[in-house]
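One structure is given here, and the rest of the page talks about it.
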């Protein structure tokens, strides 16, 4: 079919066009799918490229890999493909599954499909996250049969437990503490809990996750220097060489894991394993799911982990057609075992479609991104170059804290809205370094709350309620968690509690002693507060009393101490936390799939963490390069790399890639 | 597929988890009032979302409350399981399936409503709450409910509640346009009055509009139009009403009359015909259909009840996807269907217990019961307790003797912690069922293991059987006038057989085949079989020194006054039950029995007369009991003087009423 023919078919199906005119000129059709842009209506069908249309018309009986470069509008294409297919769909008991990696992506695709297909219910189709699908349709549904879940009140669900769950607040985890300790130095031991352990079907061994970025197989751990020393010491101590043999250690850890699963708990990896096993053990499970979902479309397929691919392979073998959509150059989920090399291999016998037009970025940004990632495919930047030779720049920084300000003035200079721009960082720690002061870390709870309350912004008031709530709950018996502004256990109405905090803050604001921080030191304010607060509290408490299961008279009023080390400092008036003009700071991972008019990618100062430093983005093959690629391709008109001070050689290297230095 | 099981807890009169297993096809729920039949129907309606948006929402009354109102349930749990899914259904109902591919549906409601008094329902499928559940699947199940018929007229005339409207809505399905269009068209003709046929309406409209302008002025005024009621499909259909003509075959529409002028009985027939027509539409429906019908017998004469149930049976045999659940109090209905379709419901320990009659092991008795469980005998399915008797005498006399027994029992337990029993069989809900013979084994298998049948399922209600000892005839040698034994042709001494009249000092072994059941039956939880210790019911009654009253009765009934029989009766009456020699008593008893059996009297007539006499006398005595019951012992002695109830009868009565037997 020619491009026009495809557009003709599509507009007949989706817009119910009933005249011979081309879809671009059917402005009077009330069902026309269009979007408004700069005061004119754009026909969403006639703007599609031939490549995009070809995929929309691709067969749903064949396995297809749609290789979609950054900014290629693949969400729109998936949405239209899905709408086209379901408009023709007649079966009521089976449908298409579109699987994404985030709830946001799910919502976006759902919105598109609802816009295009104008259906109120998408049933029998399923648009959702991959995790939700694998867990909800397979692991939770069938897992209990293969892993012997004991169930609770007839419910055989698994509760998803984070591998790094804090045992301090979750005492029940003590039931799953292993006899095998985690030895990480001479005399340094911690406990290992079953939630840290999972089986890896690829490695065919169990892993123990010790910290966010550190895991070892049981064998590796057993042979580690520290653990071996512990084994030797124990054997010597009891004079028994039979102690802590590897078989024993393995058996112990695995039996803890089995008990954990039997009691209905599972970590993320377990859930995937359960799904995999259910498909493997019972051919009927796979066959019925593939009958229910004869077509499975996976968005961002580069993020699929090995086991997820195995699961999808089982469904493919059982009869489902797979459409994988994504960009292997954007695979940045190494830590969850997503390996583009393996994915590529799996996709080798899929029919390949390509989207090589980048609608997000201008050509200079496309070029520089390709160059740093050594991508050879020709990609066309289809966005105007608004900043000419200022499109791609770098900036050398000394002090992270001034970056925001610098970036603000750059944006101002080129007339780019800060709201549509973003600072991208690799690591969360860098993000907090960039932020001036965070309310979450406030130590002057009441003082900060009063200031925030006075700002009368919706966002500052929420924060004020949170801070004041955090302090007040300490005086009212303590809360279970931070839900409902730290509503204490004894208070029966969360709604009343909120009003109580409000009353309290209002009373503080109208108290001239409390509401006065000009030229005062913290010590002075707290002294006043100790005098004033009891009566304010008692007064406001009156209306809360009837909702308090444990009414109190505050006879022994708890003392509000000045936080240590601040007595002599002058009160730091809160400059609005995150002022409205501030530029969003995102991690590169969270910015996936997003686009910004301008992006400043901040390199870490050193190369300690993987993929955080600009040199790694250029030089280190594998994930580091892909991280640099993902970050850079978020930009539409302006890309800036903020890098630590460079020497002449580094500077030259960056400039040969096409970066222009700015001051 | 069909609903194979329902579990209910915390709902209506089921506090503890109550369970009922359903058959494919037709299920007839039988049981006394308040046993839980309606609870079952409503639980099914609730979980299958029949009438979701009308009155069937959860209210406070739906939660179980104990009779003393002290305990109420904290949540409602309703669970159903569907069995035998076809391969297509396994796919359609995937999100409701458990790992065995049975569909499960669960509903939980917490007793704490939100602030607006709304109870939150949690619905989930399969075996685990965390698995994906698709609400849309409800569209694949059709649940139709027929409430008990209280007012046929209301259901037949026009309006929202009209069954006729339901039928028409189903009949029209999705092809509503034509009807709506023609009503609309007619409406347009009236309002436009293009042909000038409706000048009166036009004139009226004009008048109103003119008056409007006159009174309000053209500025404030409004305009009106006159039209023919409403023209939406529902409104049109709801305004169609039924009219009738008392003979079939009438076609002249002018002769039909308003339903209100018809007889109640005939309106019921019209109603049932409407229901049949609605059910007839199910034949074109390939959805899984659950039909819930409450008390269809209301206002239906017996022949029609039989016709109705046979029709449903035929319907379910034909439509494999249709399951019917009926509640009934009608022995006619219960007796005209195979016992395999009957499910007995009874309330026990704050839950309902459901027993499918087909699950009771009845071995070779099944055919017998299917044939002989007629209208009178199927009363046992609606009773709280049962006394099975051999014949008409027992059937008439035992209710009277029970009054005496129960009065005696209640006085004896008044000083103890035992619970008193009701004062009569009617009050206790105990039915006396005449099985016309000694075929106890067929009936007792419903309640106990006997006659080489065994199984776990029994009807959990108390059942007593009362049978006769029936000793064999006594052999006596024949002598000639000389006192020499008469010999037969082959030289053996000739004998004759005469009725045995045993004495309690010298009882004879019974010859009744039912006696062999006693040992097994009496081991059971629910059934006991009692036999007269000596001979027959009447003889044993007489042998309890009741000859005076029995002779009085005989004298009244004997056709020849002042004859020999009357004189003999008088002699016995004069004796006033003061026997010293048991032989004498036996002689008198024999005399009475022989004359009861005489064709001049007959057992039935005698029993009726005897019952009448004692009942009058007992009532006279019972009437004298003071309100504080201080004289009850004395009165009981009076009653005991009147008649002595044989112990085996007493035991049978007490057992069936739920009391404790001494041994």
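Chains as they are written, first to last, in the numbering used here: chain A, 811 to 1473; chain B, -11 to 651. We put the CB at the ideal spot given by N, CA and C, even for glycine.
Starting from the C-beta of residue i, find all residues in its chain whose C-beta is less than 7 Å away, skip the five residues before and the five after it, and write them out in chain order.
{"i": "residue 1228 of chain A", "result": "1218, 1221, 1391 and 1393"}
{"i": "residue 23 of chain B", "result": "333, 334, 335 and 340"}
{"i": "residue 1263 of chain A", "result": "1271, 1274, 1315 and 1319"}
{"i": "residue 1388 of chain A", "result": "Legend: pLDDT at residue 1388 of chain A = 49, less than 50; position of this residue unreliable, value from coordinates given subsequently. Around residue 1388 of chain A: no qualifying Cβ."}
{"i": "residue 368 of chain B", "result": "374, 419 and 421"}
Along chain B, which residues have their Cβ under 8 Å away from the Cβ of residue i?
{"i": "residue 904 of chain A", "result": "79"}
{"i": "residue 1371 of chain A", "result": "Result: empty, since nearest Cβ-Cβ is about 39 Å, beyond 8 Å."}
{"i": "residue 776 of chain A", "result": "The structure shown does not extend to residue 776 of chain A, since chain A is modelled only from 811 through 1473, so no value can be given for it."}
Who are the near neighbours of residue i in its chain, counting only those whose CB is closer than 6 Å to its CB and skipping five residues on each side?
{"i": "residue 1246 of chain A", "result": "Residue confidence is low: residue 1246 of chain A scores 49 on pLDDT, short of 50, so the model does not pin down where it sits. Its coordinate-derived value is still stated next. Cβ within range, chain order: n/a, list empty."}
{"i": "residue 1003 of chain A", "result": "983, 986 and 987"}
Excluding sequence positions up to five away, which residues of its chain have a Cβ less than 8 Å from the Cβ of residue i?
{"i": "residue 512 of chain B", "result": "435, 436, 437, 438 and 446"}
{"i": "residue 1093 of chain A", "result": "1128"}
{"i": "residue 589 of chain B", "result": "542, 545, 546 and 583"}
{"i": "residue 1101 of chain A", "result": "904 and 1129"}
Consider the C-beta atom of residue i and the heavy atoms of the ligand MN; say whether any pair is separated by less than 7 Å.
{"i": "residue 160 of chain B", "result": "The ligand MN is absent from the structure shown, which contains no ligand whatsoever."}
Under 8 Å by Cβ, that's how I've got residue i and residue j pegged, so tell me the actual separation to the nearest angstrom.
{"i": "residue 940 of chain A", "j": "residue 909 of chain A", "result": "4 Å"}
{"i": "residue 1085 of chain A", "j": "residue 970 of chain A", "result": "Between residue 970 of chain A and residue 1085 of chain A the Cβ distance is about 13 Å, and since that is not below 8 Å, they are no contact."}
{"i": "residue 86 of chain B", "j": "residue 115 of chain B", "result": "4 Å"}
{"i": "residue 591 of chain B", "j": "residue 380 of chain B", "result": "6 Å"}
{"i": "residue 986 of chain A", "j": "residue 1109 of chain A", "result": "Actually they are not in contact, since the Cβ atoms of residue 986 of chain A and residue 1109 of chain A sit about 36 Å apart, beyond 8 Å."}
{"i": "residue 1302 of chain A", "j": "residue 1359 of chain A", "result": "6 Å"}
{"i": "residue 376 of chain B", "j": "residue 431 of chain B", "result": "6 Å"}
{"i": "residue 1164 of chain A", "j": "residue 861 of chain A", "result": "6 Å"}
Rank the options by C-alpha distance to the C-alpha of residue i and give the top, closest one.
{"i": "residue 1188 of chain A", "options": "A:1195, A:1201 and A:1173", "result": "A:1173"}
{"i": "residue 1197 of chain A", "options": "A:1434, A:1448, A:1378 and A:902", "result": "A:1448"}
{"i": "residue 145 of chain B", "options": "B:363, B:245 and B:405", "result": "B:245"}
{"i": "residue 788 of chain A", "options": "A:952, A:858, A:942 and A:889", "result": "There is no way to answer for residue 788 of chain A, as the model of chain A reaches only from 811 to 1473."}
{"i": "residue 319 of chain B", "options": "B:391, B:344, B:286 and B:642", "result": "B:286"}
{"i": "residue 415 of chain B", "options": "B:388, B:314 and B:222", "result": "B:388"}
{"i": "residue 64 of chain B", "options": "B:428, B:98 and B:79", "result": "B:98"}
{"i": "residue 995 of chain A", "options": "A:1041, A:960 and A:982", "result": "A:1041"}
{"i": "residue 1340 of chain A", "options": "A:883, A:902 and A:1257", "result": "A:1257"}
{"i": "residue 564 of chain B", "options": "B:530, B:226 and B:502", "result": "B:530"}
{"i": "residue 623 of chain B", "options": "B:616, B:631, B:493 and B:610", "result": "B:610"}
Determine the chain B residues that contact residue i at a beta-carbon separation under 7 Å, and present them in chain order.
{"i": "residue 1101 of chain A", "result": "79"}
List, in order along the chain, the chain A residues whose C-beta lies closer than 8 Å to that of residue i?
{"i": "residue 76 of chain B", "result": "903"}
{"i": "residue -2 of chain B", "result": "Chain A residues near residue -2 of chain B: none, gap ~12 Å exceeds 8 Å."}
{"i": "residue 307 of chain B", "result": "Ordered by position in chain A, no residue passes the 8 Å Cβ test against residue 307 of chain B, which lies about 20 Å from the chain."}
Using a Cβ cut-off of 9 Å, pull out every chain A residue sitting near residue i, in sequence order please.
{"i": "residue 31 of chain B", "result": "Those do not exist, as residue 31 of chain B stays about 16 Å from chain A at its closest Cβ, beyond 9 Å."}
{"i": "residue 87 of chain B", "result": "951, 952, 953, 954, 955, 956, 966, 1088, 1092 and 1095"}
Can you name the residues of chain B whose CB is closer than 9 Å to the CB of residue i?
{"i": "residue 968 of chain A", "result": "116 and 118"}
{"i": "residue 965 of chain A", "result": "94, 112, 115, 116, 117 and 118"}
{"i": "residue 1098 of chain A", "result": "75, 78, 79, 82, 85 and 89"}
For residue i, go through chain E and note every residue whose CB falls closer than 7 Å to its CB, in chain order.
{"i": "residue 931 of chain A", "result": "Here the protein chains are A and B, and chain E is not one of them."}
Relative to chain A, which residues along the region 117 to 129 of chain B have a C-beta separation below 9 Å, given in chain order?
-> 117, 118, 119, 120, 121, 122, 123, 124, 125, 127 and 128
Identify each residue in the region 949 to 962 of chain A for which the Cβ-Cβ distance to at least one residue of chain B is less than 9 Å, and report them in chain order.
-> When C-beta distances to chain B are compared with 9 Å, the residues of the region 949 to 962 of chain A below that value are 949, 950, 951, 952, 953, 954, 955, 956, 959 and 961, in chain order.
Relative to chain A, which residues along the region 513 to 533 of chain B have a C-beta separation below 7 Å, given in chain order?
-> For the region 513 to 533 of chain B, the set of positions with a beta-carbon nearer than 7 Å to some beta-carbon of chain A is empty.
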